[in-house]
Amino acid sequence: DGGITQSPKYLFRKEGQNVTLSCEQNLNHDAMYWYRQDPGQGLRLIYYSQIVNDFQKGDIAEGYSVSREKKESFPLTVTSAQKNPTAFYLCASTGTGQNTGELFFGEGSRLTVL
Amino acid sequence: AQSVTQLGSHVSVSEGALVLLRCNYSSSVPPYLFWYVQYPNQGLQLLLKYTSAATLVKGINGFEAEFKKSETSFHLTKPSAHMSDAAEYFCAVSYPSGGYNKLIFGAGTRLAVHP
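Sequence order for the protein chains is P and C. Sequence positions in the first sequence follow the working numbering and run 17 to 130. Sequence positions in the second sequence follow the working numbering and run 4 to 118.
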């Protein structure tokens, strides 16, 4: 079945360590997104990519980095510069040709900094 | 700045009662509007969307929403709540300036359904 796979589902990190969250999609979607979710704040956009080898900062990009070397993959690195990284991270995708804004989401990755 | 406001971070209803979750947006430009549902520790699933066609939109699981331009609202309703409706609900908007593919989300409303 087509969909978005995020891994790992749960991740623990010590302060000062970088971690990378994986996001893979087999929907043949051009655009991919990373959102951060905190209780009571909804979803905030970290980075998005509308095409391979190109990506843009969202509203809260500081302390994060991404790459888009393949259409199917959009990994997110949470760097040690991110001051409060404990959160639930959601990856999403959509087909840019549709222009409807409907996003398809992965199951999420919960990062906890110890 | 464009934004989405969901009134009420928590809503509690009895099983069988009407569900009403409120969403207002701030923009003079007609947006596309969405309602998503999230179950614990899962991603978001689309309930319904408005993309400038009929103003009353029907979605999955018996939910519907009505776009009211004069009130800049897109409230979500369901005539009779079921225990399985307990979840968090997010309203979202997108605009032409973002190619309609960059969504802005509200803070969410957690719906509790009690027997």
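Cβ coordinates follow ideal geometry from the N, Cα and C atoms, glycine included.
Closest option to C:VAL14, judged by alpha-carbon separation, among C:LYS52, C:GLU91 and C:GLY109: C:GLU91. Assignment of P:ASP46 by DSSP, reduced to helix, strand and coil, places it in the coil class.
Counting of Cβ neighbours within 10 angstroms places P:LYS30 among the exposed residues, the total staying below 16. In this structure, the straight-line span from the alpha carbon of C:THR75 to that of C:LEU49 is close to 21 Å. For P:LEU92, no chain C residue has a C-beta closer than 8 Å to its own C-beta; the minimum C-beta separation is roughly 15 Å. P:THR36 counts as exposed, since fewer than 16 other C-beta atoms from the protein chains shown sit within 10 angstroms of its C-beta. Of the candidates C:LEU23, C:GLY65, C:TYR28 and C:SER6, the residue whose Cα lies closest to the Cα of C:ARG113 is C:LEU23. Listed in chain order, the non-local C-beta contacts of P:MET48 below 6 Å within the same chain comprise SER65, PHE90 and SER109, local neighbours out to five positions each way being set aside.
Of P:VAL129, P:THR128 and P:GLY124, the smallest CA-CA separation from P:TRP50 is found for P:GLY124. DSSP places P:ASP70 within a strand segment (E or B) once states are collapsed to three. A residue is called buried when at least 16 other Cβ atoms come within 10 angstroms of its Cβ; P:GLY18 does not meet this threshold and is exposed. Annotation: C:THR80 to C:LEU59 spans about 11 Å, alpha carbon to alpha carbon.
In the structure shown, C:ILE63 adopts helical secondary structure according to DSSP, grouped into three states.
With a beta-carbon spacing of about 6 Å, P:GLY58 and C:PHE93 fall inside the 8 Å limit used to define contacts. Residue pairing by DSSP puts C:ASN27 in a beta bridge opposite C:THR8 and C:SER76. For P:GLY18, no Cβ of chain C is located within less than 8 Å of the residue's own Cβ.
Assigned with DSSP and collapsed to three states, C:SER15 falls in strand. Around P:PHE28, no beta-carbon contact reaches into chain C at under 9 Å, the shortest distance being about 16 Å.
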